[in-house]
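Report on the structure given below.
There are 2 protein chains.
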Amino acid sequence: MPHFLDSADRDFPARFGAFLGLKREVSADVEATVRAIIDDVRQNGDEALARLTKKFDRLDLSAVPMRVGADEVAEAVAGIDAETLEALTLARDRIRSHHGRQMPKDDIYTDAIGVTLGGRWTAVEAVGLYVPGGTAAYPSSVLMNAVPAVVAGVGRIVMVVPSPDGVLNPLVLAAADLAGVTEIYRIGGAQAVAALAHGTETIPPVAKIVGPGNAYVAAAKRAVFGTVGIDMIAGPSEVLVVADGDNDPDWIAADLLAQAEHDANAQSILITDDAGFADAVAGAVERQLTTLARGETAAASWRDFGGIVTVDDIHSGDTLALIDRIAAEHLELACENADDLANRVTNAGAIFVGRHTPEVIGDYVGGSNHVLPTARSARFSSGLSVLDFVKRTSILKLGPDQLRALGPAAIRLAEAEGLGAHARSVAIRMNPGGPDGG
Amino acid sequence: MPHFLDSADRDFPARFGAFLGLKREVSADVEATVRAIIDDVRQNGDEALARLTKKFDRLDLSAVPMRVGADEVAEAVAGIDAETLEALTLARDRIRSHHGRQMPKDDIYTDAIGVTLGGRWTAVEAVGLYVPGGTAAYPSSVLMNAVPAVVAGVGRIVMVVPSPDGVLNPLVLAAADLAGVTEIYRIGGAQAVAALAHGTETIPPVAKIVGPGNAYVAAAKRAVFGTVGIDMIAGPSEVLVVADGDNDPDWIAADLLAQAEHDANAQSILITDDAGFADAVAGAVERQLTTLARGETAAASWRDFGGIVTVDDIHSGDTLALIDRIAAEHLELACENADDLANRVTNAGAIFVGRHTPEVIGDYVGGSNHVLPTARSARFSSGLSVLDFVKRTSILKLGPDQLRALGPAAIRLAEAEGLGAHARSVAIRMNPGGPDGG
């Protein structure tokens, strides 16, 4: 049974607060382990990678090259059925086309007093992409992480993917190939993150690392942050579906379960203004669970973290406040006037508008990115985009006239802040040869 | 004596690598202390703030309200001389006007098959601004952090500033007033960061915290990251000046010292192709040091971390590679064809172009932001901008026709990834009443 909450109940604020505060992730205490692995790789380079890969992935890197060859990739691609390859290509094309619109434009201009200023965007020189091994190896995630980097103009895109017992997922290799990944190494875990950040004899270091991973990978990314940039630390996935009674309960149940099947810690929430519909969806969820391959995972997620919230009016200001407070990674609006409601929402990673936009379309072929802020972080952060692979250099240029115009104010403020050399650096250019001339 | 490096020396690569790797910051081990303070504030709210403020700032919050009143701000502003207030206002106006151009535009469009998609930008609802007390309380930093938030449309901008022994810097209050800060509290340290992140009886929580601080503040920001967003963790400041021999050595020496006077851990580097000029600058630095109020700090920084690198040709590809590798927070180009060189640089927080653009102008009145990536992080990150105070919600909308067009590919990929509920969530809408209908 999921959590049932009724906004008309007297204790709703407290219960809703407790529901929002459910701790869905136990952060494993892996920092010391990860720190030792990182130090090992920094000191021993490739030798450490080989040793740790043998230990954790049962793979002997003296028998197979660390870098995955072009022939191996080509072979993987050749083995994939045409329909799947076509679907991956469609996804790639739509992601590329959408992200192409996100490239920020330089803005360098000259203002009224003749100062030239602005910002110039350049691509990050080299990016590392972590791809998990095993069941969580999603080719769609490879596309979502690598394509925006390619669009941004990143020159080196270095994928690392563990191959437990030597096995690599051919779909992951195919996605890397389609996306434009430039190097692939069959390593994983904290050791792969360390290699990307600090470099080894075989792997030149990158400037930024993106991509999902387990607790060790997440801790390693946190530890190397500063040496390199990282993307967000993703938490378990979540969906909030806002639906009125004019929906097929089975459609909405399927959407809730699509989120729940990801992970026992995933969270699916329904907000509706129709108590009967709420019951119908709850029933449909139970029925569908029995026929799901990943039913056990989905059932655990729905039981522990699922929620059904009944409200008086989906479009009221009170409901909007609930939606913004949840700040869901995925927000599905299956109701009348969904466009209007979408425009009023402030906090959401992505909004799926209307009855014919299941969130799953956004996971694969919508064109928008499926790497989105989790755990209420949509209050302050955005999904992955081209902006994550570029940086802005600010530009300032004055001539003697502009320095004369702005100099006195700069000197005044430097003096007010007690910074004498700051003041001198300006004054000396306004009074060449004067007493400040040294 | 700073570090002298000659790119023609055989051991230059090793020496340059060692110079770049100089550890300028010893990260104090304050995490356990900070964790205890954060827990204390979470549990005890205002009472903890009062107790910790009494302990660390020797200020009794039962005698004076935590929130700084409008009358107190007005009084501070009234006490400031006209020239300084005018300089602050000029800085505010120029920062506001420049940052006004950075507001990203929504991009929501309908593609060739009728899918509506794109991104919508909204302001972060509430932002906390940490301002250090004591000598590092810079009114210019208040403007640089608060004005972009105002431009972004942030509704609540909450400044915290410690007042050791009850003393507040009137210039900081004036800058907050000019910038548009909406609330000011006289608290500081890790306890202030905790209050901003988790809220107390008096202070409602914010969604993001920005601004510089000491090791405790930095550790507290790291600890609350995830609960709220944070800006970068700023390291000691640095400047790289690239200068040919046609400069007045005293001008360049003043620029190097303006950086060095910030902090004994600051770093000033000169790259020049004129060995005689290098010596002249080194001499000018020594002379100017004797007349600086903050000469002791500047001398320590210049001695321990300062560098003079002589190269064959400022405009060569080799020198460009050095510049990009240093990835300086501030890059000053005092040379011929400075515009051309600026266009070729990839990694720099900000570039100050030409002989009449001392970096100090950018600290105060240029209009661009002086919060910039330090410690080589310009390889992967940007200076503070309006983008730091907004977030992007992605939008996707399909009708039945678009779902029919894209659905099969989504189902194929979901099946390839083993996610049955994902596949069903799409299929059920394509085959209403079919066998997947539950």
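Protein chains in written order, with my numbering: chain A, 2 to 439; chain B, 2 to 439.
Where is the CB? At the ideal position from N, CA and C, for every residue including glycine.
Based on the DSSP output, what are the partners of residue 184/B in its beta bridges?
159/B
Quick check on residue 372/A: does DSSP put it in helix, strand or coil?
coil
Just to confirm, is the Cβ distance from residue 91/B to residue 33/A under 7 Å?
no
Proximal chain A residues relative to residue 353/B, where beta-carbon distance stays under 9 Å
396, 397, 398 and 399
Is residue 392/A close to chain B, meaning its C-beta is less than 7 Å from at least one C-beta of that chain?
yes
Less than 7 Å between CB atoms is the rule here; does residue 333/A satisfy it with respect to chain B?
no
Residue 440/A: first and last residue of the uninterrupted alpha helix (DSSP H) it sits in
Any question about residue 440/A goes unanswered here, given that chain A covers just 2 to 439.
If contacts are defined as beta-carbon pairs under 8 Å, then residue 385/A and residue 146/A qualify, I think. What distance do you get, rounded to the angstrom?
7 Å
Between the beta-carbon of residue 398/A and the beta-carbon of residue 355/B, is there less than 7 Å?
yes
May I ask you to report which of helix, strand or coil DSSP gives residue 391/B?
strand
Straight-line CA distance for residue 420/B to residue 362/A?
13 Å
Neighbour-count burial assignment, residue 39/A, 16 or more Cβ in a 10 Å radius:
buried
Whole angstroms is fine: what's the gap from residue 144/B's alpha carbon to residue 324/A's?
33 Å
Between the stretch 45–57 of chain A and the stretch 365–384 of chain B, can you find at least three pairs of beta-carbon atoms closer than 8 Å?
no
Under 7 Å, Cβ to Cβ, is there at least one residue of chain B near residue 421/A?
yes
If I measure Cβ to Cβ from residue 393/B and keep anything under 6 Å in the same chain, skipping five residues before and after, which residues do I get?
120 and 122
Would a check of beta-carbon distances place residue 345/B closer than 7 Å to chain A?
no
Taking 7 Å as the CB-CB limit, is residue 183/A close to chain B?
no
Report yes or no: is there a C-beta of chain B within less than 7 Å of the C-beta of residue 209/A?
yes
Between residue 264/A and the rest of its own chain, which residues show a CB-CB distance below 8 Å, the 5 nearest in sequence each way excluded?
237, 238, 298 and 302
Taking the beta carbon of residue 250/B as the centre, do at least 16 other beta carbons fall within 10 Å, making it buried, or is it exposed?
buried
Buried or exposed: which applies to residue 380/A, given that a residue is buried once 16 or more other Cβ atoms fall within 10 Å of its Cβ?
buried
For residue 131/B and chain C, any beta-carbon pair shorter than 7 Å?
Given the protein chain composition of this structure (A and B), no chain C is represented.
What are the residues in the stretch 354–366 of chain A lying within 9 Å of chain B by C-beta distance?
354, 355, 356, 357, 358, 359, 360, 361, 362, 363, 364, 365 and 366
C-beta neighbour in chain A for residue 319/B, strict 7 Å:
no
Where the beta strand (DSSP E) containing residue 109/B begins and where it ends:
108–111
Taking only beta-carbon positions, decide if residue 36/A is within less than 7 Å of chain B.
no
I'd like the span of the beta strand (DSSP E) that includes residue 1/B, first residue to last.
There is simply no residue 1/B to check, as chain B begins at 2 and stops at 439 in what is shown.
Between which residues of its own chain and residue 114/A is the CB-CB distance below 7 Å, once the five residues before and five after are set aside?
403 and 406
Alpha helix (DSSP H) containing residue 99/A: first to last residue?
83–101
Count the other CB atoms within 10 Å of the CB of residue 248/A; is the residue buried (16 or more) or exposed (fewer)?
buried
Along chain A, which residues have their Cβ under 7 Å away from the Cβ of residue 381/B?
125, 208, 209, 229, 230 and 392
Name the residue from 245/B, 289/B, 341/B and 369/B whose alpha carbon lies nearest to the alpha carbon of residue 311/B.
245/B
Ranges of the beta strand (DSSP E) found wholly within the stretch 267–315 of chain A, counting only runs of at least 3
268–273 and 308–311
What does DSSP give as the partner residues of residue 367/B in its beta bridges?
According to DSSP, which records beta bridges pairwise, residue 367/B is partnered with nothing at all.
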